[in-house]
Amino acid sequence: MSITLHSPLDMHLHLRDGEMLQTVAPLSSETFAGAIVMPNLVPPVTTKEELIGYKARIQEAIGNDTFTPYMTLFFKPTYTKAFLESVKDELTAIKLYPAGITTNSEGGVSGFDIEELRPTLEAMSELEIPLCIHGETNGFVMDREAEFVAIYEKLATAFPKLTIIMEHITTKASVEALDKFDNLYATITLHHLLITLDDVAGGMLQPHLFCKPIAKRPEDREALRKVALEAHPKVMFGSDSAPHPQHAKEACGCAAGVFTAPIALQVLADLFKQHSTIENLQKFVSDNAKKIYKHITVPKKIVTLEKKPFVVPAKYGNVIPMYAGETLKYSIA
Ligand code: DOR
Ligand code: ZN
124 MSITLHSPLD MHLHLRDGEM LQTVAPLSSE TFAGAIVMPN LVPPVTTKEE LIGYKARIQE
184 AIGNDTFTPY MTLFFKPTYT KAFLESVKDE LTAIKLYPAG ITTNSEGGVS GFDIEELRPT
244 LEAMSELEIP LCIHGETNGF VMDREAEFVA IYEKLATAFP KLTIIMEHIT TKASVEALDK
304 FDNLYATITL HHLLITLDDV AGGMLQPHLF CKPIAKRPED REALRKVALE AHPKVMFGSD
364 SAPHPQHAKE ACGCAAGVFT APIALQVLAD LFKQHSTIEN LQKFVSDNAK KIYKHITVPK
424 KIVTLEKKPF VVPAKYGNVI PMYAGETLKY SIA
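If you're matching positions, the sequence shown starts at 124 in the numbering used here and goes up one per residue.
What follows is the structure, encoded as structure tokens:
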């Protein structure tokens, strides 16, 4: 029996630029109808010109595929309301990184003084621009996300009309925060539904599973699985597929990021089937996102998955995907 998905969306994706963009963009545009594209290029996307230029390069890289890149800016507390008004029609969201917390986030926010952020966040709220956040403190690596929940709660209270998306949540603590605030939402990755820290570092170190936030405990994964598999209306799929060249992963000093774009829908189909919740996959990979991001226009695209083995390539260009060389149960028809 095949599985039909209508306009699957990836609400958190790294496409990079240059040669890497050429390699990875078609792997998303083949199976997804659109994606929220992260702005952490070097230098990050912070101006209207950079954003428009990047969108054009993405569109060139995907050729004729039906795929909308939903563009984001890299949050700066210096963005004024006039600037945001001028760029509003070109973007879908703004991504906030704490300074230095992950790949190319050096120019992010340090200190997290809400008063310092207030003018920009108020303007975003008024203009209905969603705020996507990489929510980690600079505390102990396993506790960073849970510690950040207090900041999410402060922001959600201080800006009740602002749509706040807790990106790539990995903990039970973040799942619990979802239902406490009307304006808090979350993306969940494929890899955080599948792995725990044990898979990364329990045996021989697995660089291709190393990412930020780091995978957590089994009970955290259970909490994520529960809301994803039931397609809780406040969660949506965001792969956080984050390609790095093989030499940057298999190195002394491994770059953070798991590359999942080409396998995401196949593995999600298997996971939802195994849990007898396949009827919820459409909501998790598309319908919920359309409601949360109420201003997006989603192109029509039908993607069919069939129960037929798919051997994951060892490499795409110089990027090693998750499950490289392994056989998946589902393929794209
Ligand atoms: O693992 C990650 N990789 N986490 C992030 O937040 C950024 C990403 C990247 O850009 O490589
Ligand atoms: Zn990311």
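Virtual Cβ for every residue (Gly too), placed ideally from N, Cα, C. This structure is a prediction, so every number in the text was calculated from the model and none was measured.
Rounded straight-line distance, which links the Cα of residue j to that of residue i
i      : j      : result
LEU320 : GLU172 : 40 Å
GLY258 : ASP188 : 33 Å
SER228 : LEU219 : 9 Å
LEU391 : THR170 : 35 Å
TYR446 : GLY230 : 33 Å
ALA365 : PHE382 : 5 Å
VAL323 : ALA338 : 8 Å
ILE318 : VAL168 : 31 Å
GLN369 : GLY448 : 15 Å
C-beta contact flag for residue i and residue j at 8 Å
i      : j      : result
LEU388 : PRO131 : yes
ALA148 : LEU138 : yes
TYR453 : PRO253 : no
ILE181 : THR427 : no
Per DSSP, cross-strand counterpart(s) of residue i
i      : result
ALA309 : MET289 and VAL358
PRO422 : Note: PRO422 sits in no beta bridge, so no partner.
SER364 : LEU136 and VAL381
THR191 : GLY157
SER454 : GLU429
LEU254 : ILE217 and ILE287
Residue range of the unbroken alpha helix (DSSP H) whose run includes residue i
i      : result
LEU207 : 204-210
LEU316 : 314-317
MET265 : No alpha helix (DSSP H) contains MET265, which DSSP labels as neither H nor E.
LEU347 : 341-352
THR294 : Careful: THR294 lies outside any alpha helix (DSSP H) and carries neither H nor E.
ASN403 : That residue, ASN403, is in no alpha helix (DSSP H); it is neither H nor E in DSSP.
HIS370 : 369-372
Start-to-end residues for the beta strand (DSSP E) that takes in residue i
i      : result
HIS398 : Taken as a continuous stretch (DSSP letters only), HIS398 belongs to no beta strand (DSSP E), as it is neither H nor E.
LYS218 : 216-219
ILE126 : 126-129
heavy atom of the ligand FMN below 7 Å from residue i C-beta
i      : result
ALA365 : As presented, the structure is devoid of the ligand FMN, carrying the ligand DOR and the ligand ZN as its sole ligands.
*How do the stretch 352-360 and the stretch 273-286 stand: do at least 3 beta-carbon pairs fall below 8 Å, yes or no?*
no
*the stretch 406-423 in contact with the stretch 194-214 per 3-pair CB rule at 8 Å*: no
*asked:* Quick test of the definition: if touching needs 3 or more C-beta pairs under 8 Å, does the stretch 322-334 touch the stretch 399-416?
replied: no
*Indicate whether the contact test is met: 3 or more Cβ pairs, each with one atom in the stretch 428-440 and one in the stretch 372-380, closer than 8 Å.*
no
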